[in-house]
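Number of protein chains: 2
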Amino acid sequence: MLKTQRKPTVPIEPIILHRWSPRAMTGEALSDEELMPLFEAGRWAPSFANSQSWRFIYAKRDTPSWSTLFGLLVDGNKRWCANAGVLVVMVSKKITDDGKRNITTHSFDAGAAWENLALEGAKRGLVVHGMAGFDYDLAKRELGVPAEYQIEAMCAIGKLAKKETLPEDLQAREVPSDRKPLSEIIMEGTFRQ
Amino acid sequence: MLKTQRKPTVPIEPIILHRWSPRAMTGEALSDEELMPLFEAGRWAPSFANSQSWRFIYAKRDTPSWSTLFGLLVDGNKRWCANAGVLVVMVSKKITDDGKRNITTHSFDAGAAWENLALEGAKRGLVVHGMAGFDYDLAKRELGVPAEYQIEAMCAIGKLAKKETLPEDLQAREVPSDRKPLSEIIMEGTFRQ
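Protein chains in written order, with the working numbering: chain B, 6 to 198; chain R, 6 to 198.
The structure is reproduced here in structure tokens:
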């Protein structure tokens with residue numbers, strides 16, 4: 006696991022604190038042995054009535070489907086994702102498997118699975134970088150995603166490279182981000198802005 | 006951290022594998038020292054443009070706001086949540102702080118923060134149990150949640166008790182749940198059911 010300079014308000018699990026979203030990747034492919042533990046981690050997330058809304062559509066570089074997933078990205082993400090090992094489109098199912106109930110928390114639950122995936126990657130020293138900068142409608146069409154599923158986000162997974170391998174403007178952004186103070190995200194008893 | 010009998014497809018981070026959602030809690034209160042690390046873990050989740058949509062409205066037992074949050078729950082959850090130490094309503098902000106952009110991933114990102122919270126609790130041997138079984142509309146009204154925020158889910162946090170302290174029907178359910186096979190949640194190249 007990589008360590009960052011982040012300072013927590015109170016001590017927490019190091020993988021959670023130090024997980025961040027680099028962009029510099031080596032352009033190497035990932036083996037199934039390297040990739041599957043990330044999906045496996047996603048698999049164990051909690052969900053409404055254990056409905057497990059999450060689905061991961063992935064493409065490895067140097068395979069026929071790589072260009073399809075890569076083609077969904079906005080130009081700003083194509084610049085650095087060209088060196089990813091794997092691209093993933095994360096999707097959630099909006100209804101239960103018996104088709105009888107809507108899953109109110111389908112996106113929220115998929116987000117829990119996504120965080121597991123990202124944490125497992127961070128633990129292994131891999132780059133895992135989430136993205137909303139892609140064409141959601143095109144993703145739905147090109148990947149044949151049925152109406153009862155919702156496209157949530159994409160992520161790039163790869164082997165970490167030195168930040169000097171990035172274009173200059175992206176080098177400046179290659180640093181773990183900070184967060185709002187804890188006091189701004191917790192509220193006792195009632196909502197307060 | 007508690008260990009479960011769960012068998013992963015491939016080895017992963019133990020906290021992720023063994024986190025589960027017990028119901029048996031002792032009815033003890035939690036101190037800030039015990040509670041705050043869970044919110045702190047949520048704080049470090051990744052989000053769209055670091056927008057950090059997540060907010061946590063909480064009530065500790067034996068405080069005036071406890072009855073407000075407890076009153077939101079469906080009867081089936083009241084039965085065992087009566088022994089929680091803390092109840093939390095998890096909320097996401099749908100627009101950026103400058104009010105200029107919708108956050109497409111506000112629920113998904115809040116789910117990532119929720120998983121961090123749950124994992125930090127699991128690591129500390131606490132019960133953290135997510136719930137959709139509560140009155141979402143009433144929560145919005147009673148807690149004064151503004152229109153630009155969305156209620157996502159609730160969770161109960163508490164100290165683990167023996168399962169024998171639960172009503173008999175809940176004792177039978179007090180076991181870590183399994184998951185769909187990995188092959189059902191990952192798809193290479195294109196969507197496949």
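Yeah, the Cβ is synthetic: ideal placement off N, Cα and C, and Gly gets one too.
The residue from K145(R), E157(R), L148(R) with its alpha-carbon nearest to that of G135(R) is E157(R). N55(B) and L187(R) have their C-alpha atoms spaced approximately 15 Å apart. E193(R) sits close to T68(B), with the two beta carbons spaced by under 9 Å. F61(R): member of the beta strand (DSSP E) spanning 59 to 65, first to last residue.
Only residues of its own chain outside the window of five on either side were considered, and among them A64 have a CB closer than 6 Å to the CB of W71(R), listed in chain order. In this structure V93(B) is not in contact with V150(B), their Cβ atoms being roughly 13 Å apart against a cut-off of 8 Å.
Taking the Cβ atoms as the reference, E153(B) lies roughly 5 Å from I100(B), within the contact range of under 8 Å. Counting along the chain, the unbroken alpha helix (DSSP H) around M41(R) starts and ends at 37 to 48. Judged by DSSP secondary structure, S188(R) falls within the alpha helix (DSSP H) whose first and last residues are 187 to 190. The beta carbon of E147(B) is closer than 6 Å to those of T73 in its chain, skipping five residues each way along the sequence. Where E157(B) is concerned, the enclosing beta strand (DSSP E) starts and stops at 154 to 164.
Partner residues in the beta bridge of K98(B), as assigned by DSSP, are Y154(B). Under the 9 Å criterion on CB atoms, V132(R) is classed as non-interfacial with respect to chain B. A straight-line Cα-Cα distance of about 13 Å links W119(B) and H111(R).
If you compare the alpha carbons of P27(B), L77(B), Q10(B), L43(B) with that of R129(B), the shortest gap goes to L43(B). Shown in chain order are the members of the segment 49 to 65 of chain B whose Cβ falls below 9 Å from a Cβ of chain R: W49, A50, P51, S52, F53, A54, N55, Q57, W59, R60, F61, I62, Y63, A64, K65. Pairing R28(R) with E45(B), the inter-Cα distance amounts to about 25 Å. L35(R) is classed as buried because its beta carbon has at least 16 other beta carbons within 10 Å across all chains shown. Taking 3 residues as the shortest admissible run, the segment 99 to 136 of chain B contains the following complete beta strand (DSSP E) segments, listed from N- to C-terminal end: 131 to 136. Neighbours of V150(R) across chain B, judged by C-beta separation under 7 Å: F196. Interface residue (Cβ-Cβ distance to chain B less than 9 Å): F75(R) is not classified as such. In terms of CA proximity to L40(B), G163(B) leads the group I191(B), W49(B), G163(B). Counting the other CB atoms within 10 Å of its CB gives K98(R) a total of 16 or more, which places it among the buried residues. Taking the C-beta atoms as reference points, I190(R) is found no nearer than 9 Å to T195(B). Here T9(R) has L22, H23, W25, P181 as same chain residues with Cβ atoms under 8 Å from its own Cβ, once five neighbours each way along the sequence are excluded. When DSSP states are grouped into helix, strand and coil, L175(R) belongs to the helix group. Contact check for M30(R) against N88(R) passes: the beta carbons are separated by less than 9 Å.
Residue pairing of F139(B) in beta bridges, as defined by DSSP: L78(B).
Within the model, the alpha-carbon separation for K105(B) versus I20(B) is close to 38 Å. Considering only beta carbons, the part of the segment 26 to 49 of chain R lying closer than 7 Å to chain B consists of S26, M41, P42, F44, E45, A46, R48, W49, in chain order. DSSP, read as helix, strand or coil, puts L92(B) in strand.
About 6 Å separates the Cβ atoms of C86(B) and L78(B), confirming a contact at the 8 Å cut-off. Closest in C-alpha terms to P13(B), from the list E18(R), G47(R), D102(R), T109(R), comes G47(R).
Distances from the CA of R184(B) to each of A50(R), A123(R), P16(R), D37(R) were compared; the closest alpha carbon is that of A50(R). Contact annotation, L165(B) with V132(B): C-beta distance approximately 5 Å; criterion of less than 8 Å satisfied. Within the same chain, M136, G138 come within 6 Å of N82(B) by CB-CB distance, once the 5 residues on both sides are set aside.
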